[in-house]
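Chemist:
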Amino acid sequence: MIPEDHPRYRSLAARERLADAAREGIVALEGLTAHGRGEAFDYLIGERTTESALLAARTAAALLTTAHCPVISVNGNTAALAAGEIADLQKASGALVEVNLFHRTETRIHRITALLEEHGVNVLAGRAERLVPLSHDRALCLPDGIGSADVVLVPLEDGDRCAALRAMGKQVITIDINPLSRTARTATLTIVDELTRALPNITTACAGLDSAAAADLIGSLDNTYLLRAAITEIQKRLEHALD
């Protein structure tokens with residue numbers, strides 16, 4: 013048991029959830045390494061949501077709520093850490109939710125789907141087809157889901173699928189705490205924030221946007237600015253780390 017007054021409570025609780033999910037076959041072992049890398053960048057950003065990340069979350073809400081066919085793509089880490097937050101965002105945005113995995117087995121698809129459904133997510137079902145131009149199993153997606161989407165939210169994404177989705181003409185929103193990653197630099201919009209902080213911010217923004225505000229946010233979208241702002245925040249943190 014982790015005491016709730018422990019200064020690292022949120023971080024340690026997330027690690028425990030991922031470890032449990034790995035033992036249950038929901039999270040791939042490689043996903044534990046990926047989470048650790050993200051944690052390191054969260055330290056650098058100060059384990060907080062910056063103003064530029066809030067702007068990115070509001071812009072993500074604008075893209076999702078004005079899309080013709082928005083889809084949230086979920087992998088094992090996302091399901092383990094934020095199934096409830098995905099359910100809330102689905103309700104607020106009207107987006108479809110599809111499970112998409114690099115280390116793909118039908119057993120993992122079933123277990124992740126069951127976990128999401130336990131938290132109230134309506135998970136899209138059907139026969140996956142190799143629609144994304146990739147050589148690995150993340151190419152597999154549902155024709156009525158990612159295959160038809162105009163906007164795809166891909167938390168904790170890998171860069172090659174992000175690039176492939178962009179090449180297909182889709183707008184890609186990613187949540188990536190590493191502003192230097194291929195995904196962050198390739199996406200239409202990058203929210204440089206930790207997953208469980210970012211998702212509720214998008215959900216809240218969905219409820220408060222009117223069409224005019226959404227249009228303004230989309231019209232002023234500048235992902236390079238958002239990435240530079242995140243890197244500037246990290247630089248400031250490093251400069252004053254021992255103050």
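Those letters in the sequence shown? Residues 13 to 255, per the working numbering, in order. Ideal placement from N, C-alpha and C gives every residue a C-beta, glycine not left out. Just so it is clear, the structure is predicted and the values come from calculations on it, not from any experiment.
1) Could you please give me the residues that DSSP links to T202 through a beta bridge?
2) When DSSP builds the beta bridges, which residues end up paired with V109?
3) When burial is assigned at 16 or more other CB atoms within 10 Å of the CB, is P82 buried or exposed?
4) Using a Cβ-Cβ cut-off of 6 Å (strictly less than) and excluding sequence neighbours within five positions of T186, which residues of its own chain qualify?
5) In or out: G220 buried (at least 16 other Cβ within 10 Å) or exposed?
6) Figure out for me which residue from L101, Y237, L152 and D149 has the closest Cα to the Cα of G132.
7) Would you mind stating whether D162 and H80 have Cβ atoms separated by less than 7 Å?
8) If you draw a straight line from the C-alpha of A224 to the C-alpha of N235, how long is it?
9) Per DSSP, what are the beta-bridge partners of V39 in this structure?
10) Which term fits P145, buried or exposed, when burial requires 16 or more other beta carbons within 10 angstroms of its beta carbon?
11) By the DSSP assignment, the alpha helix (DSSP H) with L211 in it spans what residues?
12) For A11 and V204, I'd like the C-alpha separation in whole angstroms.
13) Pairs of beta-carbons, one from the segment 85-102 and one from the segment 210-217, closer than 8 Å: are there three or more?
14) Going straight from the alpha carbon of L41 to that of E63, what length do you get?
15) Please determine, among S193, C153 and L67, the residue with the shortest C-alpha to C-alpha distance to R142.
16) Using the Cα positions of L24 and T90, report the straight-line distance between them to the nearest angstrom.
17) Exposed or buried, which one is P15 when buried takes at least 16 other CB atoms within 10 Å?
18) Put E141 into one of helix, strand or coil per three-state DSSP.
19) If you reduce the DSSP assignment to three classes, tell me which class L56 lands in.
20) Would you kindly report the start and end of the unbroken alpha helix (DSSP H) that includes L238?
21) Among D172, E206 and A33, which has the Cα closest to the Cα of L127?
22) Leaving out five residues before and five after A257 in sequence, what residues of the same chain have Cβ atoms less than 7 Å from its Cβ?
23) Which residues in the same chain as G159 place their Cβ atom closer than 6 Å to its Cβ, once the five residues preceding and following it in sequence are excluded?
Modeler: According to the data block:
1) Residue pairing by DSSP puts T202 in a beta bridge opposite T186.
2) Secondary-structure assignment with DSSP links V109 through a beta bridge to I84 and V135.
3) Around the C-beta of P82, 16 or more other C-beta atoms lie within 10 Å, and the residue is accordingly described as buried.
4) Cβ-Cβ distances below 6 Å link T186 to V166, E169, T195, A199 and T202 in the same chain, with the five nearest sequence neighbours on each side left out; the list follows chain order.
5) Flag for G220 reads exposed.
6) Check the Cα spacing between G132 and each of L101, Y237, L152 and D149: the tightest is with L101.
7) The answer is yes: Cβ separation under 7 Å.
8) Rounded to whole angstroms, the separation of the alpha carbons of N235 and A224 is 20 Å.
9) Listed as beta-bridge partners of V39 by DSSP are no residues whatsoever.
10) Burial call: exposed.
11) Element bounds for L211: L207 to G220.
12) No answer is possible for residue 11: the residues shown for the chain start at 13 and end at 255.
13) Cβ pair count under 8 Å is three or more, so yes.
14) Cα to Cα, the separation comes out at about 33 Å.
15) Answer by Cα proximity: C153.
16) Distance between the alpha carbons of L24 and T90: 16 Å.
17) By the neighbour-count rule (16 or more Cβ atoms within 10 Å), P15 is not buried but exposed.
18) Looking at E141 - three-state DSSP - the assignment turns out to be strand.
19) Helix at L56.
20) L238 -> alpha helix (DSSP H) spans N235 to E251.
21) That would be A33, whose Cα lies nearest to the Cα of L127.
22) Limits of the chain in this structure are 13 at one end and 255 at the other, which puts residue 257 out of reach.
23) Answer for G159: L143 and C153, listed in chain order.
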